[in-house]
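Chemist: Before we start, here is the structure in question, set down as structure tokens.
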Amino acid sequence: MSWFEMMDVIKELLGKKPPPDFLLLHAGGNDLINVPTVELCAKIAKDIDELHTLLPGCSIIWSDILTRLKYRGCENIQAIEKKRKRVNREGRKAAFRHRRQGSSAYRHSAHMSGIIP
Numbered sequence: 550m551s552w553f554e555m556m557d558v559i560k561e562l563l564g565k566k567p568p569p570d571f572l573l574l575h576a577g578g579n580d581l582i583n584v585p586t587v588e589l590c591a592k593i594a595k596d597i598d599e600l601h602t603l604l605p606g607c608s609i610i611w612s613d614i615l616t617r618l619k620y621r622g623c624e625n626i627q628a629i630e631k632k633r634k635r636v637n638r639e640g641r642k643a644a645f646r647h648r649r650q651g652s653s654a655y656r657h658s659a660h661m662s663g664i665i666p
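Numbering of the sequence shown is given in our numbering, commencing with residue 550 and proceeding in unit increments.
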């Protein structure tokens, strides 16, 4: 799912269901190719802050964007990997700003390690 679709989906679900105790955010991988790094990082930080306002009792958990063997439309995988790591770092920082509300981050440690330099 694109990060830019996620907030609309969450808001729609909040209109139909009670707010969750935990919200695991695992989105944004599809945006790595076509959204500038600064724009994507700013959007993620803004949305995580908004989620904390919308869901004051909810623990928000950032789940790292996973590495891929191929990114559709990408010819420079090393550049996208660098971008992915930066976006993950910024997403974790945004979630950790709200630690007192129980927010955290989850790093996937074993997925495809060693396959991509």
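Just so it is clear, CB atoms sit at the ideal spot from N, CA and C, and this is done for glycine as well.
Every value quoted in this text rests on a predicted model; they were computed, and no experiment measured them.
#1: Along the chain, where does the beta strand (DSSP E) containing I610 start, and where does it finish?
#2: Do you know whose CA, among N583, F553, W552 and S612, lies nearest R638's CA?
#3: DSSP three-state label for L589, please.
#4: Tell me where the alpha helix (DSSP H) around L563 begins and ends.
#5: Roughly how many angstroms lie between the CA atoms of D596 and R641, to the nearest whole one?
#6: Does DSSP put I665 in a helix, in a strand, or in coil?
#7: Pick out whichever of E588, L618, E554 and L604 has its Cα sitting closest to the Cα of P567.
Modeler: Quick answer:
#1: It spans S608 to S612 - the beta strand (DSSP E) in which I610 sits, taken as one unbroken run.
#2: Per the Cα distances, S612.
#3: Note: L589 maps to helix in three-state DSSP.
#4: Where L563 is concerned, the enclosing alpha helix (DSSP H) stretches over W552 to L563.
#5: Each residue's alpha carbon lies about 13 Å from the other.
#6: Per-residue confidence for I665 stands at a pLDDT of 46, beneath the threshold of 50, marking its modelled position as unreliable; the derived number appears in the next sentence. Three-state DSSP puts I665 in coil, outside helix and strand.
#7: Ranking E588, L618, E554 and L604 by Cα distance to P567 puts L604 first.
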